[in-house]
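See below for the structure under consideration.
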Amino acid sequence: MASNEVTDRSAKPDAEASRREWLSVAACAVVAGLALPAVPGQVLPADAASTRPDGENLTPLPDLPEPVAGEDPILRMLKDLRRALKKPVEERRWVMAVDLRKCTGCFGCTIACVTENKLPPGIAYRVVLTETHGTYPNVSRHFTPTACMQCDRPPCTSVCPVGATWKRPDGIVVIDYDRCIGCRYCIQACPYGARYLDPRTKTADKCSFCYHRVRQGLLPACVEVCPVGARKFGNLLDPNSEMRNVIENKRVFILKEDLNTQPKFYYFYSV
795 MASNEVTDRS
805 AKPDAEASRR
815 EWLSVAACAV
825 VAGLALPAVP
835 GQVLPADAAS
845 TRPDGENLTP
855 LPDLPEPVAG
865 EDPILRMLKD
875 LRRALKKPVE
885 ERRWVMAVDL
895 RKCTGCFGCT
905 IACVTENKLP
915 PGIAYRVVLT
925 ETHGTYPNVS
935 RHFTPTACMQ
945 CDRPPCTSVC
955 PVGATWKRPD
965 GIVVIDYDRC
975 IGCRYCIQAC
985 PYGARYLDPR
995 TKTADKCSFC
1005 YHRVRQGLLP
1015 ACVEVCPVGA
1025 RKFGNLLDPN
1035 SEMRNVIENK
1045 RVFILKEDLN
1055 TQPKFYYFYS
1065 V
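Here the sequence shown stands for residues 795 to 1065, where the numbers follow my numbering.
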C-alpha cells in the first residue's frame, strides 16, 4: 500500500505542472492576440465620416448593385437611400409608411428609437397606439405606430416666435436646439402630439426620421430594427424606389386628413 501511495503522490505534481504549463501557453496566446496590430481597412478613424448637414464632406458611399425583384426590402431601401443621397437635396423627399397588417405591436421601433436618440425616461418619438376589439374569447388587437408626420404644411413651424423650427427642402421638419427657448408653442400646435419638451435641456424635441443616420447612408433605426418589415422609408421623388412603389400600388392613407397638414407619414395594409 505504501508503494501505491508514493506512486499516486508523485503523479499529482506532474499533472499540476502540466496544467500550469498549458495555462501559461494559453495566456501568452491571448496576450499576443491583443498585441497584434489591427487589420488594415477594418477600423475607420474617428473623423472618417463628418456630421455636417446635407451630406457635405462625408465619406463616399460604396456603390451597391441595382435592386432586383424579390430581394430583401431592407437592402432595397438602403440602395434607394444611397442613390437619393447622390442627388441634390431638392430632388429628395423623405417619407415613411407603415404596413398595419404586419405590425405586431412588439415595440421594437420604440426601443430602437429611444436607444438611438438617447431619450430620457418618459419620452418616446415612436408611440404605438393599441386598440382592443371584441369580447373575450373573441378578441383582436390593432396597433398603430405614430411619430412626427413631417407635414408639408406643418402648423408647428409658423407658431415658433424665434424661428427655431422649420421644414427642410427634403421634407424633414427640424429643430434648432440652440435657438429654441422652450415656450412650448410648437408642442401645443402639433395635432398629432408628436412633440415633447426635453426635461434635460428644456427645449422642444421630436422625431427627425433619424436624419443623422440618413445623411450618412443609413436607414432610420425604427425601419432597420422592425422584425416583420412593417416600415418603409425612402425618396418619394424617385420613381424606382420601394417607397414610390408603395404609394402608387397600395391604398395608403394618413391620419387626420381633414386638417390638411399633408403629412408624409403614411399607413397601408399589405393584403
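Glycine is no exception: its CB is placed at the ideal position from the N, C-alpha and C atoms.
Nonlocal neighbours in the same chain, by C-beta distance under 8 Å from residue i, ignoring five residues either side
| i | result |
| --- | --- |
| aspartate 874 | Pro861, Gly1028, Asn1029, Asp1032, Asn1034, Ser1035, Glu1036 and Met1037 |
| leucine 923 | Phe937, Thr938, Pro939 and Thr940 |
| isoleucine 738 | Here the chain covers residues 795 to 1065 and nothing more, so residue 738 does not appear. |
| asparagine 1054 | Arg947 |
| proline 914 | Asp992, Pro993 and Arg994 |
Own chain partners of residue i with C-beta closer than 6 Å, once the 5 adjacent residues on each side are dropped
| i | result |
| --- | --- |
| methionine 890 | Phe1027 and Phe1059 |
| aspartate 841 | With a pLDDT of 39 at aspartate 841, under the threshold of 50, the modelled position of that residue is not reliable, and the figure given next carries that caveat. Excluding positions up to five away in sequence, the list is empty. |
| tyrosine 919 | Cys907, Ala941 and Cys1001 |
| glycine 965 | Arg887, Trp888, Gln944 and Lys1058 |
| tyrosine 986 | Met943 |
| glutamate 1051 | none |
Burial state of residue i (16 or more Cβ within 10 Å)
| i | result |
| --- | --- |
| proline 839 | With a pLDDT of only 41 at proline 839, under 50, the local geometry of the prediction cannot be trusted, and no value is derived from it. |
| glycine 916 | exposed |
| glutamine 1056 | exposed |
| proline 993 | exposed |
| arginine 973 | exposed |
| valine 1065 | exposed |
| aspartate 999 | buried |
| arginine 935 | exposed |
| isoleucine 969 | buried |
| valine 1022 | exposed |
| tyrosine 990 | buried |
| tyrosine 1063 | exposed |
| alanine 796 | Note that alanine 796 has pLDDT 43, beneath the 50 cutoff, so the model's placement of it is unreliable and no number is given. |
| proline 1014 | buried |
8 Å contact criterion, which residue i and residue j should meet: CB distance rounded
| i | j | result |
| --- | --- | --- |
| alanine 988 | cysteine 942 | 4 Å |
| serine 878 | arginine 870 | The residue asked about is misnamed: residue 878 is alanine in this sequence, not serine. That pair is no contact at about 13 Å. |
| glutamine 944 | valine 967 | 6 Å |
| proline 948 | glutamate 884 | Their Cβ separation, rounded to whole angstroms, is 18 Å, which puts proline 948 and glutamate 884 out of contact at 8 Å. |
| valine 1017 | tryptophan 888 | In fact, because the Cβ distance is near 11 Å, the residues do not count as touching under 8 Å. |
| tyrosine 971 | threonine 951 | Between threonine 951 and tyrosine 971 the Cβ distance is about 15 Å, and since that is not below 8 Å, they are no contact. |
| tyrosine 1061 | valine 1040 | Wrong, their Cβ atoms sit about 11 Å apart, outside the cutoff. |
Residues of its chain near residue i, where Cβ-Cβ distance is below 7 Å and the 5 sequence neighbours each way are ignored
| i | result |
| --- | --- |
| valine 953 | Tyr979, Cys980 and Ala983 |
| alanine 1024 | Val892, Asp893, Lys896 and Cys897 |
| threonine 926 | Val933 and Arg935 |
| glutamate 975 | Note that residue 975 corresponds to isoleucine in the displayed sequence, not to glutamate. Answer for isoleucine 975: Val956, listed in chain order. |
| leucine 995 | Note that residue 995 corresponds to threonine in the displayed sequence, not to leucine. Same-chain partners within the cutoff: Tyr971. |
Closer than 8 Å to chain C by CB, residue i
| i | result |
| --- | --- |
| methionine 890 | No chain C is present in this structure, which holds just one protein chain. |
Should the segment 890 to 903 be regarded as contacting the segment 970 to 984, the criterion being three or more beta carbon pairs within less than 8 Å?
no
Spell out a yes or no on whether the segment 905 to 925 and the segment 986 to 1005 are touching, meaning 3 or more CB-CB pairs, one atom from each, closer than 8 Å.
yes
For the segment 887 to 930, which segments carrying the alpha helix (DSSP H) assignment without a break, of at least 4 residues, lie completely within its bounds, in sequence order?
902 to 911
Is the number of C-beta pairs between the segment 920 to 932 and the segment 959 to 972 that are closer than 8 Å three or more?
no
In chain order, what are the residue ranges of uninterrupted alpha helix (DSSP H) at least 4 long that sit wholly in the segment 994 to 1041?
1005 to 1008 and 1015 to 1019
Quick check on the DSSP output: what are the complete alpha helix (DSSP H) runs of length 4 or more inside the segment 933 to 998, in order along the chain?
949 to 952 and 979 to 983
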